[in-house]
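Here's the structure, in structure tokens; my notes come after.
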Amino acid sequence: MRQEHVILLDELGNSIGTLEKYAAHTTTTPLHLAFSCWIFDNKGQILITRRSLSKKAWPGVWTNSVCGHPQLNESFEQAITRRCRFEVGAELTDITPVYPEFRYRETDASGIVENEVCPVYAARLTNTIVLNPDEVMDSHWVSLDALFQALAATPWAFSPWMVLQYGSQEARDKLMRFVPSPLPSP
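Here it is, written out as structure tokens:
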């Protein structure tokens, strides 16, 4: 994959330039544009992933399906499609915003800062995933209810951005729309 950059933002969310992705993520990471995507299978289960130990920030941490950074002149949908293919081999449909105004700043144990305007999306998977070990060391399909219970009970076991995204009732409601309703009993 070609060298990626981040789109730098001012406090109002306006683009003010770019910086190489790994150079941007330091103990003083500037505000930049990102995205998170929660991928659902045809049964309504969500893919959670464990970040590779080679990741600069939050290595080995469990998180939502895929995160990334749009590139210049790339829509969020294009960026999500690109990164989901790269990280987990996913082909997607129904890419839908669920928390478009999400923004956060968090520091990992090594001092690396994430400082992102990070719209959150959900999407449906149309194929079998194939993990890229440089990005993802493990994954599990879980019910959204079970994941919500785990996030509430053990937030320290997950990425801070995933926990913060879960904290929005509106985002949780929109994510639940990706889970099929149970069929009524006869």
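Using the numbering used here, the letters of the sequence shown correspond one by one to residues 436 to 621.
All C-beta atoms in this analysis are idealised placements derived from N, C-alpha and C, irrespective of residue type, glycine included.
Close-in-space but distant-in-sequence residues of the same chain around residue i (CB under 7 Å, 5 per side omitted)
{"i": "Pro505", "result": "Ile442, Leu468, Phe470, Phe511, Ala514"}
{"i": "Tyr457", "result": "Lys491"}
{"i": "Leu582", "result": "Ile481, Ile483"}
{"i": "Phe623", "result": "Nothing about residue 623 can be read from this structure; the chain reaches only from 436 to 621."}
Environment of residue i [buried if 16+ CB atoms lie within 10 Å]
{"i": "Asn499", "result": "buried"}
{"i": "Pro554", "result": "buried"}
{"i": "Gln480", "result": "buried"}
{"i": "Thr462", "result": "exposed"}
{"i": "Arg540", "result": "exposed"}
{"i": "Ser594", "result": "buried"}
{"i": "Ile392", "result": "With the chain represented from 436 up to 621, any question about residue 392 goes unanswered, as that position is not in the structure."}
{"i": "Thr464", "result": "buried"}
{"i": "Gln600", "result": "buried"}
{"i": "Ala459", "result": "buried"}
{"i": "Ala592", "result": "exposed"}
{"i": "Glu605", "result": "exposed"}
{"i": "Leu444", "result": "buried"}
{"i": "Gly448", "result": "exposed"}
{"i": "Gly495", "result": "exposed"}
Per-residue DSSP class, three states only, for residue i
{"i": "Ala469", "result": "coil"}
{"i": "Gln506", "result": "coil"}
{"i": "Ile515", "result": "helix"}
{"i": "Phe583", "result": "helix"}
{"i": "Glu455", "result": "strand"}
{"i": "Glu446", "result": "coil"}
{"i": "Ala606", "result": "helix"}
{"i": "Gln438", "result": "coil"}
{"i": "Leu599", "result": "helix"}
{"i": "Glu549", "result": "strand"}
{"i": "Val523", "result": "helix"}
{"i": "Pro532", "result": "strand"}
{"i": "Phe588", "result": "Before going on, a small fix: residue 588 reads as Ala here, not Phe. Helix."}
Short Cβ contact (8 Å threshold) for residue i with residue j
{"i": "Val533", "j": "Leu466", "result": "no"}
{"i": "Asp569", "j": "Ser489", "result": "yes"}
{"i": "Ala623", "j": "Thr528", "result": "The question about residue 623 has no answer, for the chain in this structure spans 436 to 621."}
{"i": "Arg518", "j": "Val501", "result": "yes"}
Cutoff 8 Å; reference residue i; Cβ partners in own chain excluding five residues on either side
{"i": "Met436", "result": "Annotation note: pLDDT 49 at Met436 (below 50); position unreliable, coordinate value reported separately. Hits under 8 Å: Phe521."}
Contacting residues, own chain, Cβ-Cβ under 6 Å from residue i (five flanking each side not counted)
{"i": "Pro590", "result": "Val598"}
{"i": "Ser603", "result": "Tyr534"}
Requested in this report: Tell me, please, whether the segment 556-571 touches the segment 514-531 by the rule of three or more beta-carbon pairs shorter than 8 Å.
Outcome: yes
Query raised in the report: Is the number of C-beta pairs between the segment 570-581 and the segment 541-552 that are closer than 8 Å three or more?
Result: no
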